[in-house]
Amino acid sequence: MTDVLERFMRYVRVDSASDPDNASVTPSTARQHDMARLLADELAELGCEGVSADGHAYVTGALPASPGAEGLPALVLCAHIDSSPDAPAEGVSPHVVRYEGGALVAGVVDGEPVQTTPEQVPDLALFEGQDIVCSDGSTLLSADDKAGVAEIMALLARLAANPELPRPRIVAAFVPDEEIGHGAALLDVESLGACGGYTVDGGALGEFNYECFSASEATVTVRGVMVHPGSAKDVMVNAITVASEFQQMIPAAERPEHTEGREGFYHPTDISGTASEVTLTYILRDFDAADFARREQTMRDVAAFLNGRYGEGTVSVEIREQYRNMAERFGPGDRRLVDFALEANRESGVEPVVVAARGGTDGAQLTFRGLPCPNLATGGYNAHSVREFVPVSSLEKTVEVLERLVAKFAAPADGAGA
Ligand SMILES: [Zn+2]
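Numbering (the working numbering) for the sequence shown: 34 to 451.
Here's what the structure looks like:
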């Protein structure tokens, strides 16, 4: 068993799901400390400097640069230690399946095979005759993001054992609660002494994201006018009726179920209330800054239109920004974070595919806090599902990609003087 596979099989057995119902506390679950402590111990064993696992389950540690690269800025490699609460995540029991084509069966649950067909994941054809890690079908696998954690740790172990392999100082940053929106929020970016880095939290081998959605959440409050229904004529304004009008006025073709690629959307996520007051929650997403602003404006325009019809103050909209497209903050000097990643993939025999991430990444908030951080693939498939899997060859190849990538940062940047 290769080092990265051994680590992966071991890490996924450590329960570390986050809990959206306890999101006001970081980490949201005490069990994430188990994973944090384990990683801190292993970083220290590898000879990393300044290793810490703090009270919020953030783990950091730095592997020294190779000889000659000591004066260069550090590079951050970041992954998250929590697993998604969207599927059963406790007691993960991973196993390696030799995939011989057809459906990939993770396990049998309640007499039914838990499987992925080539129709669902055409990439399966690439892995015929190979080993694939699956859960037993009763839980997710947690390749999101234990694969990223294992790949970073395996890289560090390889570099530690081979001090001459070129790299700048590498800062490992493992963060909790990414799946519930916290992720790198409490990471002390300034203390890392780095000018950039990568999250390792993506999908299929070769996928690379340096753009992500801009995101906000809109809370729409509809206040009705309640009177006895028997004497309501020309007086009553039913908040439920107005709320349904509001939703009908939001462009129907711009919903998640009708959009893909670089298209943004409006997505109603929650509705609650009574005839006298209704609260609607939407998430708004787009890549382009102007289109994103237009979406926010549409929400306000619809509210204004309905207020014209039913009276001022009937509908109010409050918009809260969640994260922004990280590409907006990439300066010309950050271009090599993109170029090097694409080159490292190609040199490893992997054709890179640049995908605008239809979601956020830890890297997005790190980028906006001054640490540009595109997202690299982990090799995993079917995240947040009991059908989640990762081919062993993808785990191993990712370590190779990382090794080539960090080597590129061991030379001074162009124009920085040699
Ligand atoms: Zn993830």
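Ideal placement from N, C-alpha and C gives every residue a C-beta, glycine not left out. As the structure is a prediction and not an experimental result, all values here were calculated from the model.
Taken from the Cβ of His-66, every heavy atom of ligand 1 lies 7 Å or farther away. Within the same chain, Ala-50, Ser-51, Asp-52, Pro-53, Glu-212, Ile-213 come within 8 Å of Pro-118 by CB-CB distance, once the 5 residues on both sides are set aside. Secondary structure at Thr-331: helix, using DSSP grouped into helix, strand and coil. For Gly-396, the enclosing alpha helix (DSSP H) starts and ends at 395–401. Approximately 5 Å separates the beta-carbon atoms of Thr-314 and Thr-302; this is inside 8 Å, confirming the contact. Those residues whose C-beta sits under 6 Å from the nearest heavy atom of ligand 1 are, from N- to C-terminal order along the chain, His-113, Asp-177, Asp-178, Glu-211, Asp-234.
In the three-state scheme derived from DSSP, where H, G and I count as helix and E and B as strand, Tyr-414 is classed as strand. Residue environment: Asn-415 is assigned as buried (16 or more neighbouring CB atoms within 10 Å of its CB, all protein chains considered). Listed in chain order, the beta strand (DSSP E) runs fully inside the region 93–152 are 107–113, 128–131, 137–142, 145–149, counting runs of at least 3 residues. Put simply, of Glu-436, Ala-77, Arg-191, Pro-121 the residue whose alpha carbon is nearest the alpha carbon of Phe-373 is Glu-436. DSSP lists no bridge partner for Asn-340. Per DSSP, Gly-83 lies in no alpha helix (DSSP H); the unbroken beta strand (DSSP E) holding it starts and ends at 82–86. Setting aside the 5 residues that flank it on each side, Pro-289 is surrounded in the same chain by Phe-298, His-300, each with a C-beta closer than 6 Å to its C-beta; the list follows chain order. Residue nearest to Ser-171 within the set Leu-438, Val-419, Ala-276, Val-425 is Val-419 (criterion: CA-CA distance). Using a Cβ-Cβ distance cut-off of 8 Å, the region 424–443 and the region 386–395 are not in contact, since fewer than three pairs of beta carbons, one from each stretch, lie closer than that value. In the DSSP secondary-structure assignment, Ser-249 is bridged to Leu-317, Glu-354. Taking C-beta atoms as the reference points, Thr-411 and Thr-394 fail to come closer than 8 Å.
Taking the C-beta atoms as reference points, Pro-151 is found nearer than 8 Å to Leu-157. Leaving aside the five residues that flank Arg-333 on each side, the residues in its chain whose CB is nearer than 7 Å to its CB run, in chain order, Val-350. Between Cys-81 and Ala-95, the beta carbon gap of about 6 Å places them in contact (Cβ cut-off 8 Å). Contiguous alpha helix (DSSP H) elements confined to the region 360–388 occur at 368–380, taking only those with 4 or more residues.
At a Cβ-Cβ threshold of 8 Å, Ala-98 and Leu-225 do not count as neighbours.
Counting the other Cβ atoms within 10 Å of the Cβ of Gly-382 gives fewer than 16, which makes it exposed.
Proximity to Gly-216 across Pro-60, Gly-140, Leu-137 peaks at Pro-60, based on C-alpha coordinates. Between the alpha carbons of Glu-278 and Ser-57 lies a distance of about 34 Å.
Nearest Cα to Arg-46 within the set Ala-77, His-89, Ile-114: Ile-114.
For Gly-235, no alpha helix (DSSP H) encloses it, and the DSSP letter there is neither H nor E. Within the DSSP secondary-structure output, Tyr-299 pairs in a beta bridge with Leu-317. Under the 8 Å Cβ criterion, the region 341–349 does not count as touching the region 317–325, having fewer than three qualifying pairs.
A direct Cα-Cα distance of roughly 44 Å separates Gly-135 from Glu-197. In chain order, Ala-183, Met-186, Ala-187 place their CB closer than 7 Å to the CB of Arg-40, counting only its own chain and leaving out the 5 sequence neighbours on each side. Distance between Ala-308 and Val-260, taken at the CA atoms: about 10 Å.
Residues Ala-69, Leu-72, Ala-73, Ala-86, Phe-207 of the same chain have their beta carbon placed closer than 6 Å to that of Val-92, with the five preceding and five following residues left out of the count.
Scanning Ile-316, Leu-219, Phe-422, Leu-105 for the CA closest to the CA of Glu-287 turns up Ile-316.
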